[in-house]
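There are 2 protein chains.
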Amino acid sequence: MDLDAVNSMSYEQFLDIFGNIIEKCPIITAAVWSRRPFSSFGEVEDGVHEFIESLPISVEFLEENSHKICTKKQGKEGILRCHPDLAGRELTSGTLTMESQEEQRGAGLTSLTSQERERLTLLNTQYKEKFGFPFVICAKMADKDKIMRELSARLQNDPSVELLIGIDEVKKICHLRIQDILRKGSLLPTKL
Amino acid sequence: MDLDAVNSMSYEQFLDIFGNIIEKCPIITAAVWSRRPFSSFGEVEDGVHEFIESLPISVEFLEENSHKICTKKQGKEGILRCHPDLAGRELTSGTLTMESQEEQRGAGLTSLTSQERERLTLLNTQYKEKFGFPFVICAKMADKDKIMRELSARLQNDPSVELLIGIDEVKKICHLRIQDILRKGSLLPTKL
Chain A
1 MDLDAVNSMS YEQFLDIFGN IIEKCPIITA AVWSRRPFSS FGEVEDGVHE FIESLPISVE
61 FLEENSHKIC TKKQGKEGIL RCHPDLAGRE LTSGTLTMES QEEQRGAGLT SLTSQERERL
121 TLLNTQYKEK FGFPFVICAK MADKDKIMRE LSARLQNDPS VELLIGIDEV KKICHLRIQD
181 ILRKGSLLPT KL
Chain B
1 MDLDAVNSMS YEQFLDIFGN IIEKCPIITA AVWSRRPFSS FGEVEDGVHE FIESLPISVE
61 FLEENSHKIC TKKQGKEGIL RCHPDLAGRE LTSGTLTMES QEEQRGAGLT SLTSQERERL
121 TLLNTQYKEK FGFPFVICAK MADKDKIMRE LSARLQNDPS VELLIGIDEV KKICHLRIQD
181 ILRKGSLLPT KL
């Protein structure tokens, strides 16, 4: 697939191909289509980043606040909550998106010992209880040992810091998913 | 389901139940969870509206502009592009969400004559070519004749006006989907 092909796509064709570059957030891909024509594949990614940056950060994560203060500040954390747990219920039930399934398998999360799975489940639960969103990491850039170490370490972070780290991981996942789409189209982008 | 039950839900439970109140946009439901505790079911809807209003409108729809001007203005139109065509490919292929399937069936779109289907397909195509997003209408508040009339009429609108009309329809659909969820929970909300 080359740039002209992408620029000539209807929003429906664009969504069929790029709809899950941000896990379960086709709204972002759908909005980015407005930017066409793209002068590089990097511009697809730029559009995703701008959409994400435009979302507010819940004040809930910035201070111990009242319900009222945070009501107009919901946003970025919603992206993280659309992500599955690593080695969680969706992996077990086979309901992961194709992309997540491949990423978790590649990181060795489909072949955990029962001890490793128990440990990861415990850490995931502690993480979600503390932060109110799941632990998100670019699994393609890690293996199960690194994931365990990172999860343990990030559990100690301040919620406002951890939200931003999670969003950075989402951007890394997006970058690799776009590259994967373009590779399958047997063309590597010039600017990615 | 009562308010206390909803307020005690994890974000995963909340997404399982309310995840599609905006078609294929679980990110919105996921962000709204940050507002809990909700003092009424209407507050769930308020949160959805605030999230939608926080999204920019593409300048592409406000002026015949250059690529550059609109790059930071993508947003609301993405919500519309996550919606299926009425009596379109997803209805035919059986890939509609449960909610859309029920809404389109209720409006009589699953029992169109071949002549009606051809007419609707033609109008949907003209609409998408003009606006760059699909025709969205609250099908539960219409029947196939009203849908045909509205589609023909709205095709004449200015794109900037039609974007806002489409978003208003999305809010109506969301309102009825929330009511339906609460009804199935055998409790009608006090403030919806």
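These protein sequence lines map, in sequence, to chains A and B. Numbered according to the UniProt record's numbering, the first sequence terminates at residue 192, and the numbering increases by one at each position without gaps. Numbered according to the UniProt record's numbering, the second sequence terminates at residue 192, and the numbering increases by one at each position without gaps. Heads up, the beta-carbon is just placed ideally off N, CA and C, and yes, glycines get one too.
In the structure shown, what three-state DSSP assignment does Glu23 of chain B receive? coil
Taking 6 Å as the limit between beta carbons, can you name the residues of its chain near Ile173 of chain B, skipping five residues before and five after? Cys138
Would you please verify whether the beta carbon of Arg154 of chain A is less than 7 Å from any beta carbon of chain B? At a cut-off of 7 Å between C-beta atoms, Arg154 of chain A does not count as an interface residue with respect to chain B.
Option in A:Phe41, A:Thr125, A:Cys25, A:Lys130 with minimal Cα separation from Val170 of chain A: Nearest of A:Phe41, A:Thr125, A:Cys25, A:Lys130 to Val170 of chain A, Cα basis: A:Cys25.
In three-state terms, what does DSSP make of Val136 of chain A? Annotated three-state conformation of Val136 of chain A is coil, per DSSP.
For Asn7 of chain B, collect the residues of the same chain with a Cβ closer than 7 Å to its Cβ; drop the 5 residues on either side in sequence, then sort them by chain order. Arg36, Pro37, Phe38
Could you tell me whether the Cβ atoms of Ile21 of chain A and Ile178 of chain A are closer together than 7 Å? yes
Distance, Gln101 of chain B Cα to Lys184 of chain B Cα: 17 Å
Rounded to whole angstroms, how far is the Cβ of Gln104 of chain A from the Cβ of Ala87 of chain A, which I believe are closer than 8 Å? Between Ala87 of chain A and Gln104 of chain A the Cβ distance is about 7 Å, and since that is below 8 Å, they are a contact.
DSSP on Asp2 of chain A, reduced to helix/strand/coil? coil
Starting from Phe133 of chain A, find everything on chain B with Cβ-Cβ shorter than 9 Å and list it in chain order. Tyr11, Ala30
Between the C-alpha atoms of Asp180 of chain A and Gly19 of chain A, what's the straight-line distance to the nearest angstrom? Pairing Asp180 of chain A with Gly19 of chain A, the inter-Cα distance amounts to about 13 Å.
Can you tell me whether Leu34 of chain A is buried or exposed? The criterion is at least 16 other CB atoms within 10 Å of its CB, across all chains shown. Checking the sequence, you will find Ser at residue 34 of chain A rather than Leu. Classification of Ser34 of chain A: buried, given that the 10 Å Cβ count is 16 or more.
Strictly below 9 Å CB to CB, what residues from chain B border Leu15 of chain A? Arg81, Cys82
If you draw a straight line from the alpha carbon of Ser10 of chain A to that of Asp2 of chain A, how long is it in whole angstroms? 15 Å
Best match in B:Thr29, B:Arg81, B:Gly94 for proximity to Lys128 of chain B [C-alpha to C-alpha]: B:Arg81
Quick one: is Ile173 of chain A near chain B, going by C-beta distance under 7 Å? no
Going along the chain, which residues of its own chain have a beta-carbon closer than 8 Å to the beta-carbon of Leu96 of chain B, five neighbours each way excluded? Pro84, Glu90, Gln104
Any beta carbon of chain B sitting closer than 7 Å to that of Ile69 of chain A? Note on Ile69 of chain A: pLDDT 47, under 50, position unreliable in the model; the coordinate value appears next. For Ile69 of chain A, the answer is no, since every Cβ of chain B falls outside 7 Å of its Cβ.
Where residue 254 of chain B falls: helix, strand or coil (DSSP): Any question about residue 254 of chain B goes unanswered here, given that chain B covers just 1 to 192.
Delimiting residues of the alpha helix (DSSP H) encompassing Cys174 of chain A: Start and end: 159 to 184.
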